[in-house]
Amino acid sequence: MKFVAPWLYYSVLRVLMFAIPLAILLSLGFWPWAAAVIAAMLGLCLSYLLLGKSRESVARDLYKARHPDKEPVNPDSEVEDTALDAVDRQSAVDRQSAVGRPRAGDRPSAVEQSSSVDETSSERKSDSQ
């Protein structure tokens with residue numbers, strides 16, 4: 001016996017559980033819209049009662065498809081990750097070497113300004129004496 005995908009098996013049975021009652025009701029002379037509503041309710045109830053194992057099998061397959069055991073490895077991603085890690089390491093080294101050094105364009109803080117003013121005024125006093 002050939003293997004049939006669970007989703008295909010379940011789908012075909014669900015369609016049959018709707019189509020057979022619909023054909024019977026239409027052949028008995030029901031209005032088409034009433035026959036469709038009744039057939040849909042019968043198909044829903046029958047599939048809920050009779051297709052529990054198939055429904056669980058389809059749900060299991062869908063879960064496996066959405067949550068693989070291993071994450072797929074993409075060679076491009078590996079190269080990009082390596083390059084980004086190198087950039088991160090280099091920026092960390094640059095940050096460590098720049099500690100304590102003023103950056104270009106930085107203004108001195110108020111404390112640094114007041115100390116430099118005190119130094120220049122004390123130099124002037126010593127020059128004038």
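Note that our numbering has the sequence shown beginning at 1, numbered continuously upward. Built from N, CA and C at the ideal position, the CB exists for glycine as well.
Look at Gly29 here: in three-state DSSP terms it is coil, with no helix or strand label. In the structure shown, Lys53 adopts helical secondary structure according to DSSP, grouped into three states. When DSSP states are grouped into helix, strand and coil, Phe18 belongs to the helix group. With respect to Pro68, Ala39 sits apart: the two C-beta atoms are not nearer than 7 Å. Taking one beta carbon from each stretch, the region 10–27 and the region 43–61 have 3 or more pairs nearer than 8 Å; the two touch.
Exposed is the label assigned to Ala59, since fewer than 16 other Cβ atoms lie within 10 Å of its Cβ. Taking the Cα positions, Pro6 is about 41 Å away from Thr82. Excluding sequence positions up to five before and after Ser47, its CB lies within less than 6 Å of the CB of Arg14 and Met17, all in the same chain and listed in chain order. When the alpha-carbon of Ala19 is set against those of Leu44, Ala65 and Gln96, the nearest one is in Leu44.
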